[in-house]
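A short worksheet on the structure shown next.
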Amino acid sequence: MSDPADPVTGLTWRQKEAVRESWGKLGSEWKTHGVEFFIRLFKTYPSILAYFNTFDGMDFGAIRSSPKLRAHMLNFKHGITSFVDSLDDVECLAVLIQKMTETHFRRQITVNEFQDAFTLFATFIQEVTQCDDITLGAWKATLKVISTVIRDHMALLQSRGDVPTGILESKSVNGNQIGSQPREGHYTATRDRIGSRPRGGALYGYSRLGPDQNWSSIRLLQIGFRPWEGHNTASRDWVPPGEWKGTIRLLEIGSRSGEGH
Numbered sequence: 001m002s003d004p005a006d007p008v009t010g011l012t013w014r015q016k017e018a019v020r021e022s023w024g025k026l027g028s029e030w031k032t033h034g035v036e037f038f039i040r041l042f043k044t045y046p047s048i049l050a051y052f053n054t055f056d057g058m059d060f061g062a063i064r065s066s067p068k069l070r071a072h073m074l075n076f077k078h079g080i081t082s083f084v085d086s087l088d089d090v091e092c093l094a095v096l097i098q099k100m101t102e103t104h105f106r107r108q109i110t111v112n113e114f115q116d117a118f119t120l121f122a123t124f125i126q127e128v129t130q131c132d133d134i135t136l137g138a139w140k141a142t143l144k145v146i147s148t149v150i151r152d153h154m155a156l157l158q159s160r161g162d163v164p165t166g167i168l169e170s171k172s173v174n175g176n177q178i179g180s181q182p183r184e185g186h187y188t189a190t191r192d193r194i195g196s197r198p199r200g201g202a203l204y205g206y207s208r209l210g211p212d213q214n215w216s217s218i219r220l221l222q223i224g225f226r227p228w229e230g231h232n233t234a235s236r237d238w239v240p241p242g243e244w245k246g247t248i249r250l251l252e253i254g255s256r257s258g259e260g261h
């Protein structure tokens, strides 16, 4: 029997049915499985846990019993359910994914975090439901579609100048556009939300000025590693809104700064 693929998503009818059926089973017990999934996600990818400020200072036992974790995993369930229910309505599916992407983009979550979570999610589904290879393949194909829409929409947001919450809207430091992904050998100044936990490897630093959200002293520092002599930092004096004046000073950590340095 013919099972043609959707011209947009590439998913076949059988794949969509397999996803719908397996999610129906898993979703009905998500209050239990959802907690287990997120605990495993946080243990496997501590960098993802770092985005959850509300869990700062909590051990995994406390996180497991937290009502905020239960609330988040239920939001996750509603999101997946809306995607699964819209597999036959590609336009609606795209809008749902894009709205979710915008919410996470504002929190500086990248497509890489989604891909890590989706990889673990597919493995988790197989373990919990004991699904066959056909169903697992259907899930992987579906999650790839979702991931592709996320990637493309994030690229669009960046290209039109949208900046995640806390990212400096300004020019460049050492060849990287502020707010862009740092490349090896380059430094990017970013500004995380107040109270958020800097992530290992992120280049970060700020001092809050006031309600107008001007900022003083942007310091470039690789978070997650101790600064040591010979590594660079950068700072600048406060300037009025919308202006980038003053001087970016590259300093050697551990060295003495002086006039002209």
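Residue 243 in the UniProt record's numbering sits at position 243 of the sequence shown, with consecutive numbering throughout. Ideal Cβ positions, reconstructed from N, Cα and C, are used throughout, including at glycine. Note that the coordinates shown come from a computational prediction; the quantities given were computed from them, not determined experimentally.
Along the chain, where does the alpha helix (DSSP H) containing residue 262 start, and where does it finish? Outside the displayed span of the chain (1 to 261) sits residue 262, for which this structure offers no information.
Is A141 helix, strand or coil when you go by DSSP? Residue state for A141 is assigned as helix, using DSSP reduced to three classes.
Secondary structure of A5, DSSP reduced to three states: The answer is strand: DSSP assigns A5 an E or B state.
Sort R107, V90, V35 by Cα distance to Y51 and report the nearest one. Comparing C-alpha distances from Y51 to each of R107, V90, V35 shows the shortest one belongs to R107.
When A117, L26, A155, H104 are compared against T135, the one with the closest alpha-carbon: Out of A117, L26, A155, H104, L26 has the C-alpha closest to the C-alpha of T135.
Nearest-angstrom Cα separation, counted from V8 out to G185: Low local confidence applies: a pLDDT of 40 at G185 is under 50, so the model's placement there is unreliable, with the coordinate-based value given in what follows. Taking the straight line joining both Cα atoms gives about 38 Å.
C-beta atoms of L41 and T142 nearer than 8 Å: When the beta-carbon positions are compared, L41 and T142 stay at least 8 Å from each other.
First and last residue of the uninterrupted alpha helix (DSSP H) at E17: Residue range 13-28 is occupied by the alpha helix (DSSP H) that includes E17.
Is it buried or exposed for Q177, if we count other Cβ within 10 angstroms and need 16 for buried? Per-residue confidence for Q177 stands at a pLDDT of 37, beneath the threshold of 50, marking its modelled position as unreliable; no derived number is given.
Continuous alpha helix (DSSP H) stretch holding residue 263: start and end: As shown, the chain starts at 1 and ends at 261. That puts residue 263 outside it, with no answer to give.
In angstroms with no decimal places, state the Cα-to-Cα distance between K99 and L93. So the alpha carbons of these two residues sit roughly 10 Å apart.
Alpha carbon to alpha carbon, what distance is there between I109 and D152? Between D152 and I109, the C-alpha separation is close to 14 Å.
Short of 6 Å in beta carbon distance, which residues of its chain neighbour V145, apart from the five on each side in sequence? Order them along the chain. Excluding residues within five positions, the ones whose Cβ falls inside 6 Å are T9.
Unbroken alpha helix (DSSP H) run spanning A62, endpoints: 60-64 is the extent of the alpha helix (DSSP H) around A62.
Give the secondary structure of A50 by DSSP, where H, G and I count as helix, E and B as strand, and everything else as coil. Coil at A50, not helix or strand.
With H, G and I counted as helix, E and B as strand and the rest as coil, what does DSSP make of T188? Unreliable positioning characterises T188 in this predicted model, as indicated by a pLDDT of 39, which lies under 50. A coordinate reading is not provided.
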